[in-house]
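Chains A and B, in that order, are what the protein sequence lines are. Per this note's numbering, the very first residue in the first sequence carries number 182; after that it's consecutive. Per this note's numbering, the very first residue in the second sequence carries number 8; after that it's consecutive. Accompanying notes for the structure given below.
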Amino acid sequence: MLELRLVQGSLLKKVLESIKDLVNDANFDCSSSGFSLQAMDSSHVALVALLLRSEGFEHYRCDRNMSMGMNLGNMSKMLRCAGNDDIITIKADDGSDTVTFMFESPTQDKISDFEMKLMDIDSEHLGIPEAEYQSIVTMPSAEFARICKDLSGIGDTVVISVTKEGVKFSTRGDIGTANIVCRQNTTVDKPEEATVINMSEPVSLTFALRYMNSFTKATTLSNTVTISLSSELPVVVEYKIAEMGYIRFYLAPKIEE
Amino acid sequence: MQRQQSILSFFKKP
């Protein structure tokens with residue numbers, strides 16, 4: 182028996198909106214520690230890892246570990262029927278081939294339930310090695326989204342270079358080139374407006390902007406984004422989910438042939 | 008020319 186009650190139901194709505202175009206089908210894993218997901222896009226270029234810790238739910242019952250295969254497009258269609266202020270409860274019986282999403286309006290005057298068919302998904306969790314990243318940049322998530330969107334009008338790839346001077350986002354296309362440098366800036370009124378660069382070694386890597394732009398759909402989940410870079414490793418683009426966990430996107434770099 | 012690497016080149020199946 183599984184019953185997870187999330188008072189801030191909009192968080193789950195936002196999570197689905199941020200991953201449904203990247204991943205078609207995925208197994209949601211439920212254990213006593215939390216509700217999680219790990220899935221690759223169909224081209225095996227990017228990987229998303231989601232964790233919503235059990236402590237973040239108002240009520241969390243998971244009698245035994247369960248893996249529920251869901252089509253994220255269909256799940257998103259159902260969650261879009263929840264109001265932004267609704268409480269969302271996820272329910273499933275052991276061995277059932279369906280999951281139920283229940284939506285309660287804040288005033289309790291409207292209660293809906295949607296039952297969705299589960300699917301068998303053959304997927305193995307990949308081992309993500311612990312890594313010390315050479316450069317870690319934390320910046321306002323809206324600023325990162327703006328940069329990715331702006332650059333994708335000019336080129337298909339972004340070179341992210343971190344030096345002591347700052348983090349540089351560069352692209353090149355048929356119409357010309359673009360370089361955007363964000364300097365470390367910690368003297369701001371609010372901590373979420375800061376750009377913080379922790380660099381042990383300078384690093385420069387190239388990534389497909391199409392994927393970066395897809396990741397920025399998670400911007401609504403967090404005011405800040407953390408970009409962790411090391412040569413020879415996928416970049417990690419992480420959005421913290423308030424007091425509950427995180428959504429992390431891993432993207433393999435492009436290399437010169 | 009640039010080549011897109013796969014995530015499977017970095018993260019292994021168990």
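Each residue gets a CB set at the ideal place from its N, CA and C atoms; glycine is no exception. Note that the structure is a prediction, hence the values are computed from the model and not measured.
- Gly357(A) carries a strand assignment under DSSP once its states are collapsed to helix, strand and coil.
- None of the residues of the stretch 183-198 of chain A has a beta carbon lying less than 8 Å from any beta carbon of chain B.
- Residues of the stretch 216-247 of chain A with a C-beta less than 9 Å from any C-beta of chain B: Met221, Asp222, Ser224, His225, Val226, Ala227 and Leu228, listed in chain order.
- Listed in chain order, the beta strand (DSSP E) runs fully inside the stretch 273-297 of chain A are 279-285, counting runs of at least 3 residues.
- At least one CB atom of chain B sits nearer than 7 Å to the CB of Ile436(A).
- Annotation: Leu203(A) to Val339(A) spans about 19 Å, alpha carbon to alpha carbon.
- With respect to Cys329(A), Val348(A) sits apart: the two C-beta atoms are not nearer than 7 Å.
- The beta carbon of Leu386(A) sits no closer than 7 Å to any beta carbon of chain B.
- Between Ala207(A) and Leu218(A), the C-beta spacing is below 7 Å.
- Pairing Glu424(A) with Asp301(A), the inter-Cα distance amounts to about 31 Å.
- Residue pairing from DSSP places His240(A) in a beta bridge opposite Arg186(A).
- Listed in chain order, the non-local C-beta contacts of Ile361(A) below 8 Å within the same chain comprise Ile328, Asp331, Leu332, Lys349, Phe350 and Ser351, local neighbours out to five positions each way being set aside.
- Taken in chain order, the members of the stretch 304-330 of chain A whose beta-carbon sits within less than 9 Å of a beta-carbon on chain B are Glu305, His306, Leu307, Gly308, Ile309 and Pro310.
- Close CB contacts of Phe295(A) within its chain, under the 6 Å cut and outside five residues either way in sequence, are with Met259 and Phe282 (chain order).
- Inter-segment contact for the stretch 231-242 of chain A and the stretch 397-404 of chain A is absent: fewer than three beta-carbon pairs are separated by less than 8 Å.
- Contact between the stretch 265-277 of chain A and the stretch 220-233 of chain A is absent: fewer than 3 CB-CB pairs across the two stretches fall below 8 Å.
- When Cβ pairs closer than 8 Å are counted between the two stretches, the stretch 418-435 of chain A is seen to touch the stretch 388-398 of chain A, the count reaching three or more.
- For Lys258(A), the enclosing alpha helix (DSSP H) starts and ends at Leu253 to Leu260.
- Going by C-alpha positions, Asp275(A) is about 14 Å away from Leu185(A).
- Rounded to whole angstroms, the separation of the alpha carbons of Asn379(A) and Gln12(B) is 26 Å.
- Counting along the chain, the unbroken beta strand (DSSP E) around Asp210(A) starts and ends at Asp206 to Ser212.
- Boundaries of the alpha helix (DSSP H) harbouring Asn394(A): Leu390 to Phe396, taken from the DSSP string.
- A straight-line Cα-Cα distance of about 16 Å links Ser385(A) and Arg10(B).
- Within the stretch 258-289 of chain A, no residue has its Cβ closer than 7 Å to any Cβ of chain B.
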